[in-house]
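Participant:
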């Protein structure tokens, strides 16, 4: 699964979304590393991803098999407030 997620993160769309919102650009390996990190902290690149990427893009990642809704929902719970629409939408799909 990590390899599939890495391939999806290498797509320019996901990395562009992240890099548009944070001062220090991230490489394609940053997204899967941040999403799969064992700690409860939310690194800035992961926060930017969940905060900025449209729900449709997250759905595309899940439908492509790159990452499951459960993993996305878990990451969103680490980064977004409980009433955030993206977090709620991912929780519903998980």
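Numbering (our numbering), first residue to last: 15 to 108. Ideal Cβ positions, reconstructed from N, Cα and C, are used throughout, including at glycine. In this text the structure is predicted, and so the values were computed from the model without any measurement.
Nearest-angstrom Cα distance between residue 53 and residue 76?
Facilitator: In the chain shown, residue 53 corresponds to position 39, counting from 1. In the chain shown, residue 76 corresponds to position 62, counting from 1. Rounded to whole angstroms, residue 53 to residue 76 spans 22 Å at the Cα level.
Participant: With a Cβ-Cβ cutoff of 8 Å, do residue 83 and residue 49 count as a contact?
Facilitator: Along the chain shown, one-based indexing puts residue 83 at 69. Along the chain shown, one-based indexing puts residue 49 at 35. Contact flag unset, no.
Participant: Note down the Cα distance separating residue 107 from residue 86, rounded to an integer number of angstroms.
Facilitator: Within the chain shown, the letter at position 93 stands for residue 107. Within the chain shown, the letter at position 72 stands for residue 86. Cα-Cα distance, rounded: 10 Å.
Participant: Given a threshold of 16 other Cβ atoms within 10 Å of its Cβ, counted over all protein chains shown, does residue 99 qualify as buried or as exposed?
Facilitator: Here residue 99 corresponds to residue number 85 of the chain shown, with the count starting at 1. The residue in question, residue 99, is exposed, as its Cβ has fewer than 16 Cβ neighbours within 10 Å.
Participant: Count the other CB atoms within 10 Å of the CB of residue 62; is the residue buried (16 or more) or exposed (fewer)?
Facilitator: As a position in the chain shown, residue 62 is number 48, starting the count at 1. Buried, because 16 or more other Cβ atoms sit within 10 Å of the Cβ of residue 62.
Participant: Cα separation between residue 70 and residue 57?
Facilitator: For the purposes of this step, residue 70 is identified with residue 56 of the chain shown, where counting begins at 1. For the purposes of this step, residue 57 is identified with residue 43 of the chain shown, where counting begins at 1. Distance between the alpha carbons of residue 70 and residue 57: 22 Å.
Participant: Residue 73 by DSSP, collapsed to three states: which one?
Facilitator: Indexing the chain shown from 1 puts residue 73 at position 59. In this structure, residue 73 counts as helix in the three-state DSSP scheme.
Participant: For residue 64, collect the residues of the same chain with a Cβ closer than 7 Å to its Cβ; drop the 5 residues on either side in sequence, then sort them by chain order.
Facilitator: Taking the first residue of the chain shown as 1, we reach residue 64 at position 50. Excluding sequence neighbours, residue 64 sits near 89, 90, 93, 94 and 100.
Participant: Put residue 23 into one of helix, strand or coil per three-state DSSP.
Facilitator: Stepping through the chain shown from its first residue, residue 23 is reached at position 9. At residue 23, the pLDDT of 49 sits below 50, so the modelled position is not reliable and the matter cannot be decided from this model.
Participant: When you compare only the Cα positions, how much space is there between residue 96 and residue 41?
Facilitator: The residue you call residue 96 lines up with position 82 of the chain shown. The residue you call residue 41 lines up with position 27 of the chain shown. Looking at the two C-alpha atoms, the distance is approximately 28 Å.
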